[in-house]
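Student: In our numbering, the protein residues as written are 9 to 481.
As structure tokens, this is what we get:
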């Protein structure tokens with residue numbers, strides 16, 4: 009009955025895709041998991057469920073992400089009410105940006121490449137900058153969420169001057185690899201096939217309009233009916249926040265959006281530098297993103313309170329009320345994040361990751377090993393909703409395996425990184441997927457259903473690439 013440890017995350021994912029009720033599905037998966045954890049008694053399982061929700065906040069990184077989501081709502085409300093979003097759209101259109109569907113989608117892709125410092129911030133900036141263009145051109149919110157997601161974890165793992173790189177270097181150090189660790193990481197990035205293919209695929213979608221599966225249906229709906237979200241869907245951002253109008257008399261200037269966002273991105277670098285004691289590659293990503301969004305709210309508030317032509321954009325009372333209103337509009341996101349974190353905790357307590365690894369038998373041809381490592385890491389990341397946990401489980405196995413089988417360590421490292429990113433990209437339990445849905449003001453299940461065919465297609469190509477690499481490298 010060891011297989012039963014797979015049941016909680018799989019049940020949650022299948023129920024979410026089948027019923028489109030993501031909250032109830034995660035709750036059900038969590039209850040199943042805690043019931044297994046306490047020996048099969050559902051009453052005791054419910055009590056353990058409550059304890060697991062509380063335990064989420066014992067992890068400082070989890071708590072920072074929860075507060076980040078709440079503060080993002082306040083920032084979104086501030087910049088929209090200031091007229092900054094409207095002003096940016098008008099400013100960009102005067103320069104010919106984002107006037108066509110291809111142009112708007114390319115803008116989202118480019119912004120995602122530029123803001124590579126932290127996956128959550130990438131999602132937020134891509135959504136804030138691109139959503140007005142997508143809405144005007146009747147591009148569905150599901151597609152915006154795809155761009156947010158495709159330029160977050162994949163970009164951060166190919167340009168790891170951020171918390172991602174610091175985390176991988178820490179795992180390498182734990183394996184006794186210190187001298188040459190940076191060189192191994194850089195070499196491994198060359199074999200990080202899924203991340204590269206995901207970024208290039210997103211570019212192809214923007215340039216050539218590639219679309220299939222549920223995404224094609226979503227685009228047809230938006231074009232023919234003007235409905236940017238599925239009728240009956242539940243976007244992760246309350247409608248009154250997503251559609252918030254500028255306050256009366258606001259100047260509608262692009263700087264009211266760009267200055268707070270610029271301060272937020274800059275603060276990421278500062279935060280990584282400070283938390284890493286002068287080494288950005290050793291900094292804390294979760295701490296930095298929380299500092300960054302807090303700084304953005306502070307800068308925006310000061311900016312909007314400074315009189316222009318004898319009038320403020322908003323009063324202190326209005327700014328405070330908007331921050332609280334925006335945070336309240338994202339309570340649903342924070343509940344989803346907490347449930348996802350708790351489900352991940354339970355799956356780790358059930359030792360699901362080591363069980364999956366144990367299923368890989370002996371006698372597998374050596375040239376299959378990199379592709380197999382990619383698949384196993386992908387599955388663990390997908391079911392746990394955490395690439396970082398998958399990295400921590402597989403790296404201590406993959407690197408010694410590379411040495412024992414005379415395979416390049418860089419190839420095996422790349423396979424682990426690719427698998428982790430695939431899970432982050434495809435899983436409804438992943439925090440980057442949830443934040444992508446939030447940033448696009450999209451229903452989370454709709455985002456997952458439309459993106460999953462793309463993720464599996466790219467993953468299939470990456471799997472084939474690892475088979476070839478196992479033969480020729």
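We treat Cβ as the ideally placed atom computed from N, Cα and C, and that holds for glycine.
With DSSP as the reference, please indicate the residues paired to residue 243 in a beta bridge.
Tutor: According to DSSP, which records beta bridges pairwise, residue 243 is partnered with 451.
Student: From this set, 461, 435, 417, which residue's C-alpha is nearest residue 483's C-alpha?
Tutor: This structure does not reach residue 483, given that the chain is present from 9 up to 481, and the question cannot be answered.
Student: Who are the Cβ neighbours of residue 454 in its own chain at under 6 Å, not counting the five residues just before and after it?
Tutor: 150, 238, 241, listed in sequence order.
Student: From residue 338 to residue 183, what does the alpha carbon distance come to, in whole angstroms?
Tutor: Roughly 40 Å separates the two Cα atoms.
Student: Check whether the Cβ atoms of residue 431 and residue 386 sit closer than 9 Å, and answer yes or no.
Tutor: A contact, by the Cβ cut-off of 9 Å.
Student: Ends of the alpha helix (DSSP H) at residue 67?
Tutor: Per DSSP, residue 67 belongs to no alpha helix (DSSP H) and is neither H nor E.
Student: Rounded to a whole number of angstroms, what is the C-alpha to C-alpha distance between residue 363 and residue 262?
Tutor: Distance between the alpha carbons of residue 363 and residue 262 is about 52 Å.
Student: Based on the DSSP secondary-structure assignment, which residues constitute the bridge partners of residue 316?
Tutor: BP columns for residue 316 point to 319.
Student: How far does the alpha helix (DSSP H) with residue 26 in it reach, from first residue to last?
Tutor: 15-27 is the span of the alpha helix (DSSP H), which, as asked, contains residue 26.
Student: Apart from the five residues just before and just after residue 279, which ones in its own chain have a Cβ nearer than 7 Å to its Cβ?
Tutor: For residue 279, where only same-chain residues beyond five positions count, the Cβ hits under 7 Å are 291, 295, 296, 299, 300.
Student: Thinking residue 214 and residue 110 are a contact (beta carbons under 8 Å), I'd like their distance in whole angstroms, please.
Tutor: Contact holds; Cβ gap of about 6 Å.
Student: In its own chain, which residues sit with a C-beta less than 6 Å from the C-beta of residue 489, not counting the 5 before and 5 after it?
Tutor: Any question about residue 489 goes unanswered here, given that the chain covers just 9 to 481.
Student: What did DSSP end up calling residue 295 once you bin it into helix, strand or coil?
Tutor: Note: residue 295 maps to helix in three-state DSSP.
Student: Would you call residue 11 buried or exposed, if buried means 16 or more other Cβ atoms sit within 10 Å of its Cβ?
Tutor: Exposed, because fewer than 16 other Cβ atoms sit within 10 Å of the Cβ of residue 11.
Student: Which word fits residue 56, buried or exposed, when buried means at least 16 other C-beta atoms lie within 10 angstroms of its C-beta?
Tutor: Residue 56 comes out buried.
Student: Can you tell me whether residue 324 is buried or exposed, with buried defined as 16 or more other CB within 10 angstroms of its CB?
Tutor: Exposed, by the Cβ-count rule.
Student: Excluding the five sequence neighbours on either side, which residues of its own chain have a C-beta within less than 8 Å of the C-beta of residue 65, listed in chain order?
Tutor: Taken in chain order, the residues that qualify are 71, 74.
Student: Quick one, are the C-beta atoms of residue 89 and residue 254 less than 9 Å apart?
Tutor: Cβ distance < 9 Å, so residue 89 and residue 254 count as in contact.
Student: For residue 185, which of helix, strand or coil comes out of DSSP?
Tutor: Residue 185 falls in the coil class under three-state DSSP.
Student: Please state if the CB of residue 273 and the CB of residue 81 are separated by a distance shorter than 9 Å.
Tutor: Not closer than 9 Å, so no.
Student: Using the beta-carbon count (16 or more within 10 Å), is residue 335 buried or exposed?
Tutor: Looking at its Cβ environment, which holds 16 or more other Cβ atoms inside 10 Å, residue 335 is buried.
Student: Could you tell me which of 95, 288, 450, 196 sits nearest to residue 171, measuring between CA atoms?
Tutor: Minimum Cα distance to residue 171 is reached at 288.
Student: Using CA atoms only, rank isn't needed, just tell me which of 129, 128, 144 is closest to residue 113.
Tutor: Taking only the C-alpha atoms, the option nearest residue 113 is 144.
Student: Could you check the C-alpha separation between residue 259 and residue 247 for me, to the nearest Å?
Tutor: Whole-angstrom Cα-Cα distance: 23 Å.
Student: For residue 483, count neighbouring Cβ atoms within 10 angstroms of its own Cβ and tell me buried if that reaches 16, exposed if not.
Tutor: Nothing about residue 483 can be reported from this structure: the residues present for the chain run from 9 to 481 only.
Student: Give a yes or no on whether the C-beta atoms belonging to residue 120 and residue 210 are separated by under 9 Å.
Tutor: Against a cut-off of 9 Å, the Cβ pair of residue 210 and residue 120 comes out as a contact.
Student: List the endpoints of the continuous alpha helix (DSSP H) containing residue 367.
Tutor: Residue 367 -> no alpha helix (DSSP H), and no H or E assigned at all.
Student: Closest by CA to residue 208, which one among 127, 117, 223, 131?
Tutor: Among 127, 117, 223, 131, the Cα nearest to that of residue 208 is on 117.
Student: When you compare the CB positions of residue 345 and residue 264, do they come within less than 9 Å of one another, or not?
Tutor: In this structure, residue 264 does not lie closer than 9 Å to residue 345 by Cβ.
Student: Just to confirm the assignment, what range does the alpha helix (DSSP H) spanning residue 328 have?
Tutor: Where residue 328 is concerned, the enclosing alpha helix (DSSP H) stretches over 324-336.
Student: Measure the Cβ-Cβ separation of residue 175 and residue 376 and say whether it is below 9 Å.
Tutor: No, they are not a contact pair.
Student: Skipping 5 residues on each side, what residues in its chain have a beta carbon closer than 8 Å to that of residue 484?
Tutor: Residue coverage of the chain in this structure runs from 9 to 481, which leaves residue 484 outside it and unanswerable.
Student: For residue 352 and residue 19, I'd like the C-alpha separation in whole angstroms.
Tutor: Distance between the alpha carbons of residue 352 and residue 19 is about 13 Å.
Student: Could you give the uninterrupted runs of the alpha helix (DSSP H) lying entirely in the segment 392-454, keeping only those of 4 residues or more?
Tutor: List check, alpha helix (DSSP H) in window: 395-413, 417-434, 439-447.
Student: Give the straight-line distance between the Cα atoms of residue 277 and residue 125, rounded to the nearest whole angstrom.
Tutor: If you take the alpha carbons of residue 277 and residue 125, they lie about 7 Å apart.
Student: Between the alpha carbons of residue 466 and residue 256, how many angstroms are there, rounded?
Tutor: Residue 466 and residue 256: Cα-Cα distance of roughly 47 Å.
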